[in-house]
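Here the structure comes first, spelled out in structure tokens, and everything after it is commentary.
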Amino acid sequence: MEGFIEWLSPFYQALSTALGSFLDPKKRIYFPYLISALILSLVYLKFINKATRSLSFLQYIKYLFSSKIWGHPSAIVDYKFLFFNSLVKILLITPYLLAHTAFAYLVVQSWEASIGVKDSVLWSKTSINISYTLLFLLLSDFSRFLLHYALHKIPFLWEFHKVHHAAEVLTPFTLYRVHPIEFFLFRLRSLLVFGLITGSFYFWFRTGIEPLSILKIHAGIFLFNLIGANLRHSHIPISFGNILERVFISPSQHQIHHSVDVRHYDKNFGSIFSIWDACFGSLFISQKNEKISFGIEKPAQATFKSFWQNLYMPFLNIFNKIR
1 MEGFIEWLSP FYQALSTALG SFLDPKKRIY FPYLISALIL SLVYLKFINK
51 ATRSLSFLQY IKYLFSSKIW GHPSAIVDYK FLFFNSLVKI LLITPYLLAH
101 TAFAYLVVQS WEASIGVKDS VLWSKTSINI SYTLLFLLLS DFSRFLLHYA
151 LHKIPFLWEF HKVHHAAEVL TPFTLYRVHP IEFFLFRLRS LLVFGLITGS
201 FYFWFRTGIE PLSILKIHAG IFLFNLIGAN LRHSHIPISF GNILERVFIS
251 PSQHQIHHSV DVRHYDKNFG SIFSIWDACF GSLFISQKNE KISFGIEKPA
301 QATFKSFWQN LYMPFLNIFN KIR
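UniProt numbering puts the first residue of the sequence shown at 1, with every later residue one more than the last.
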């Protein structure tokens, strides 16, 4: 009996981790972020979108929480991935990627081996922390852009990223609809960015780094999550307007990224900033009253319906291409 309970332990931990995401400020679905998204959605429906201004509050709630979206088979797959990737994280990834500090130390050693030990740069603690906060936000976002770009442009990586794009409806849980291979790549990206930036800052300034934070979360990431990040995966097309969308990715722009319309293919790879898309020629400014359907091309869409299909089809497609 004890052995059976021990065998079940990872599954219990995965369920606890998945449900605990609602109480963890580090997670996009932390409940204050969701409440913020709900408020922004209501403001959009009541004051911005002309077609819904006259609806009652109950009609707004029915529109936002339509069973056609939240109960759609595609959304059910999203929920399963939230649990499954929590399990993968516990069993496979966490043991190998708990080395953020160790990698930062290796970066320090690499600097010392290359140019020797240097006297620390004399900046104030405040200047160091602000610089670290801003640089980390920019480089982290740029690295996410590059990996996302590669997931679309490199054929075998696209097979894994198809899982995310096969979502036919978007909810905040679609964020977690990623193949374990892609999940691992983004965890590795996080490790590399943290180690390179933190290790480099320690080498040059020889002091502990304390990024500006809110609830122990990087202030920039916290604000990004609070100001509508959950609406990126939703049916609420909030635009930032022609000017701001050239700097920041709006929910509407990310929904365009998920569009099946060929005009929208490989557009808006950015997470926070759209400046990377502007540099790479992939920026697409959202248009008013644009109808968008989500998913991938029809022949492939039919093979990414079930949870298990989303797990094995990328490998099968790659095998069929190389044999």
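Think of the CB as a built atom: it goes at the ideal place given N, C-alpha and C, for glycine as much as any other residue.
Three-way DSSP call (helix, strand, coil) for residue i in this model
i	result
His218	strand
Phe224	helix
Ser282	coil
Ser250	coil
Ser259	strand
Ser41	helix
His179	coil
Gly208	coil
Phe22	helix
Leu15	helix
Thr174	helix
Asn289	coil
Lys46	helix
Ala166	coil
Pro299	helix
Arg53	coil
Ala229	helix
Pro10	helix
Bridge-paired residues (DSSP) for residue i
i	result
Phe160	For Phe160, which the question treats as bridged, DSSP gives no partner whatsoever.
Phe294	Ser259
Ser190	Its beta-bridge partners do not exist; DSSP assigns none.
Phe273	Phe248
Ser110	DSSP output for Ser110 lists no bridge partner at all.
Ser213	His218
Residue j beta carbon less than 8 Å from that of residue i
i	j	result
Ser123	Ser200	Inspection of the sequence shows that residue 123 is occupied by Trp rather than by Ser. Result no, Cβ atoms of Trp123 and Ser200 do not sit closer than 8 Å.
Gly220	Thr303	no
Ser163	Pro314	In the sequence on display, residue 163 carries Val and not Ser. Yes, the Cβ-Cβ distance between Val163 and Pro314 is below 8 Å.
Leu215	Pro10	no
Ile90	Thr171	no
Ile249	Gly270	yes
Leu231	Ala75	no
Phe294	Val169	yes
Val193	Ser114	no
His161	Glu182	yes
Ile318	Glu159	yes
Ala18	Ser86	yes
Phe103	Ile197	no
Ile256	Ile296	no
Residue span of the alpha helix (DSSP H) that contains residue i, given as start and end
i	result
His152	125–153
Lys321	307–322
Val88	73–88
Phe57	57–64
Ile69	67–70
Open item on the list: Is it the case that the stretch 173–190 contacts the stretch 305–323, given that we only count it when at least three CB pairs across the two stretches are under 8 Å?
Closed with: In short, these stretches touch, since the Cβ pair count reaches three.
Open item on the list: Tell me whether the stretch 229–242 and the stretch 143–156 touch, counting them as touching only if at least three CB pairs, one residue from each stretch, are closer than 8 Å.
Closed with: Flag = no, the stretch 229–242 and the stretch 143–156 do not touch.
Open item on the list: So, does the stretch 192–211 touch the stretch 149–157, judging by three or more C-beta pairs under 8 Å?
Closed with: Taking one beta carbon from each stretch, the stretch 192–211 and the stretch 149–157 have fewer than 3 pairs nearer than 8 Å; the two do not touch.
TODO: Indicate whether the contact test is met: 3 or more Cβ pairs, each with one atom in the stretch 111–120 and one in the stretch 270–281, closer than 8 Å.
DONE: With the cut-off at 8 Å, the stretch 111–120 and the stretch 270–281 do not touch.
Open item on the list: Does the contact criterion of 3 or more C-beta pairs under 8 Å hold for the stretch 282–302 versus the stretch 240–253?
Closed with: Segments in contact, yes.
Task: Sufficient close CB pairs (3 or more, under 8 Å) joining the stretch 225–234 to the stretch 28–35 - done: Look at the beta carbons and you see the stretch 225–234 touching the stretch 28–35: at least three pairs across the two are nearer than 8 Å.
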